[in-house]
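In order, the protein sequence lines correspond to chains E and V. Going by this note's numbering, the first sequence wraps up at 347, each residue one higher than the last. Going by this note's numbering, the second sequence wraps up at 347, each residue one higher than the last. In what follows, a single structure is set out as structure tokens and then discussed.
There are 2 protein chains.
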Amino acid sequence: MHKKDLIKAHKRIGPYIHNTPVLSSKLINEIAEASLFFKCENFQKMGAFKMRGATNAIMQLSKEQRTKGVVTHSSGNFAQALSLAAKSLEVKAYIVMPSNAPQVKKDAVKGYGGEIIICEPTLKAREAAALEIEQSKGATFLHPSNDMDVILGQGTAAKELLEEYPDLESIFTPVGGGGLIAGTALAGKYFGNGCKVIGGEPFEVDDAYRSLQSGVIESNRAMNTIADGLKTQLGDVNFPIIQEDVERIIRVTEKEIVESMRLIWERMKIVCEPSSAVALAALLKEKEFFTNKKIGIIISGGNVDLGNLPFFL
Amino acid sequence: MHKKDLIKAHKRIGPYIHNTPVLSSKLINEIAEASLFFKCENFQKMGAFKMRGATNAIMQLSKEQRTKGVVTHSSGNFAQALSLAAKSLEVKAYIVMPSNAPQVKKDAVKGYGGEIIICEPTLKAREAAALEIEQSKGATFLHPSNDMDVILGQGTAAKELLEEYPDLESIFTPVGGGGLIAGTALAGKYFGNGCKVIGGEPFEVDDAYRSLQSGVIESNRAMNTIADGLKTQLGDVNFPIIQEDVERIIRVTEKEIVESMRLIWERMKIVCEPSSAVALAALLKEKEFFTNKKIGIIISGGNVDLGNLPFFL
């Protein structure tokens, strides 16, 4: 993978995404004792960075592939991102969703024009349903995070951030399936000035932390975290990049996630997902290593269920 | 009052306030069938437009007056705004608060450097406590909304909005004590191009609507509204401006306020107060009159209690 691939990906998706704003908060800077620059992907189209990778992946398909559509299985932001990206590019999107997915998620996918295929709520059933669509419709399967074109698309957020603030010492991202942090690591390497990329991960789903320790892709046992976007697992495409180019991963507790989320909502007056707050929580947890530095933080998304917030403690 | 007074007020407070961003949402525009431009005073210092008026009012005091400090009675955003504005200008602020004010509000005032004087939770006790500070300390009393310098300060938000979008057909604001809408009406008259200023007001506290009908300042009886910033009453300084320069006031139900607030949070990914949502609710209520127009909306503030949100319906 080369610098020019990331440049090309950014040029390719530019007309279909927002160059999202970067916000700062004097009060959060005082708490962190550092200068933080929040890249607000919660203001991205459909409300998350996933729009970048989905758009890039579809645009890399051949004309014939595009005619037959794309398929994925997801109940999260990638389902919405693929639906909206496909719609913008006049491609059909098939979204396999488990029968227990919340109605609000199904409505969002439908609203963006995706066709939903309901299956049993097991990974096996999801994979089988997606395979069936690939075979019967000729649609191309796109993975939410373990796909080089998706990774490059996600990396464009950090590329934009570094274009605006070239001298960031580090960039923090949450770690879920590994697409965002792998793309960010490439952007940090190619466009930063010694910029280190650091992941934040909940203790409850610390597969990436353990994978870096053991050198093989580890799985999560329990997944008892509020950061529901981070329950997914690393893959063989993004893991080598993470091994090579990510500085380290800092684990945080559920309490630390909620406290950071509250800081972002109360002090910055923006709506972000629990997963997004994990990056800030990781920085605050080890802030003594970052005193007076300029730090980038990727706010990954803002799609939350307002009827189910964690602030009633 | 002249155009040049508003220009001078804006120049005066410029270094002490943010020129806040203007956001739009494709989805909300589709719902409104119009082009909406939201002036985000929730991103203002201390989280509300009140920072503008408080700063302007303090800066208009003489050197001797500033030495002796300022006093107000408020448990809302003006208490915080006066505390922070006074701190920025190295002036002492005395804030009279009722004994039943929420701890979070007291903490915020203290955090911004205001000195709190607790009194019984009646208007009479609040006025008496403020008078006592005026007399014993020589401090100058500043009213949150019925003060020409405060009104001019609040008008600078709409002035900035019109500088960025000169051809707005209307600007909507919430109506509480009348400072914001009076200032906005002056800005619309002086800096707009036929721009009409329209108020949104909850049915539950529709004193401004009724005052415009009767021609005298009316009071609220019950005050059963979620828009707690709008329970205050018009005054003799702002009412004549509202009579002269406000196009009309549209009343909305509590359900309409919560629905608009939810739209702003979910679609724009920003945190706003219930009071702020009243302006959008008013537009949506009578949207047939504004089809395809360019409309400004003042998002007045973002200070909410995250532990007490109205989205659990």
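Idealized CB from N, CA, C, for every residue including glycine.
Check, Outcome
"Minimum Cβ-Cβ distance from G212 (chain V) to chain E less than 7 Å", "no"
"Backbone secondary structure at E288 (chain V) - three-state DSSP", "helix"
"Any chain V beta carbon closer than 7 Å to V312 (chain E)", "no"
"Helix, strand or coil at N342 (chain V) [DSSP, three-state]", "coil"
"Closest by C-alpha distance to T325 (chain V), when choosing among V:Y50, V:A256, V:I65, V:L340", "V:I65"
"Reference A127 (chain E); option with closest CA among E:H177, E:H44, E:Q78, E:A135", "E:H177"
"Interfacial residues, the stretch 304-332 of chain V to chain E, with Cβ spacing under 7 Å", "I304, V305"
"For Y128 (chain E): DSSP bridge partner residues", "E:V105, E:E149"
"Interface partners of G81 (chain V) on chain E, CB under 7 Å", "K303"
"Selected residue, minimal CA-CA separation from T259 (chain E), among E:P236, E:P274, E:E278", "E:P236"
"Chain V within 7 Å of F77 (chain E), Cβ atoms only", "yes"
"Straight-line Cα distance separating I152 (chain E) from N134 (chain E)", "9 Å"
"First and last residue of the uninterrupted beta strand (DSSP E) at P208 (chain V)", "204-208"
"Pick from E:L118, E:G87, E:G172 that is closest to D181 (chain E), judged by C-alpha positions", "E:G87"
"Own chain, CB closer than 8 Å to Y199 (chain V), minus 5 neighbours either side, in chain order", "V56, F71, K328, G330"
"Chain-order list of residues whose beta-carbon lies under 7 Å from that of L347 (chain V) (same chain, five-residue window excluded)", "Any reading at L347 (chain V) is ruled out, since the residue's pLDDT is 49, under 50, leaving its predicted position unreliable."
"Nearest-angstrom Cα separation, counted from I284 (chain E) out to A315 (chain E)", "9 Å"
"Per-residue burial, T89 (chain E) [other beta carbons within 10 Å of its own, 16 or more giving buried]", "buried"
"A159 (chain E) and G103 (chain E) closer than 7 Å at C-beta", "no"
"Beta-carbon proximity list for I47 (chain V), same chain, < 8 Å, skipping 5 on both sides", "R86, T89, N90, M93, G187, T190"
"Per-residue DSSP class, three states only, for G330 (chain V)", "strand"
"Opening and closing residue of the alpha helix (DSSP H) in which P274 (chain E) lies", "272-279"
"Partner residues on chain E for G336 (chain V), Cβ-Cβ distance less than 7 Å", "K303"
"Rounded separation between N272 (chain E) and F206 (chain E) - CA only", "17 Å"
"As assigned by DSSP and simplified to three states, the class of P49 (chain V)", "helix"
"Inter-residue spacing [alpha-carbon to alpha-carbon] between S204 (chain E) and E154 (chain V)", "51 Å"
"Start and end residues, alpha helix (DSSP H) containing V312 (chain V)", "308-319"
"Cα-Cα separation, L61 (chain E) to R301 (chain E)", "7 Å"
"Three-state class that DSSP yields for S117 (chain E) in the structure shown", "helix"
"Residue-level contact to chain V via CB, F206 (chain E), 7 Å cutoff", "no"
"Identified DSSP bridge partners for S245 (chain E)", "None; S245 (chain E) has no bridge partner."
"Cutoff 7 Å: L196 (chain E) Cβ touching any chain V Cβ", "no"
"Close beta carbons around Q99 (chain V), own chain, < 7 Å, minus the five adjacent residues each side", "T174"
"Beta-carbon proximity of G147 (chain E) to S109 (chain E), cut-off 7 Å", "no"
"Whole-number beta carbon distance between P344 (chain V) and V292 (chain V), since they are thought to touch under 8 Å", "5 Å"
"Contact set between the stretch 83-94 of chain E and chain A, restricted to residues whose Cβ is under 7 Å from the partner", "The structure shown contains no chain A; its protein chains are E and V."
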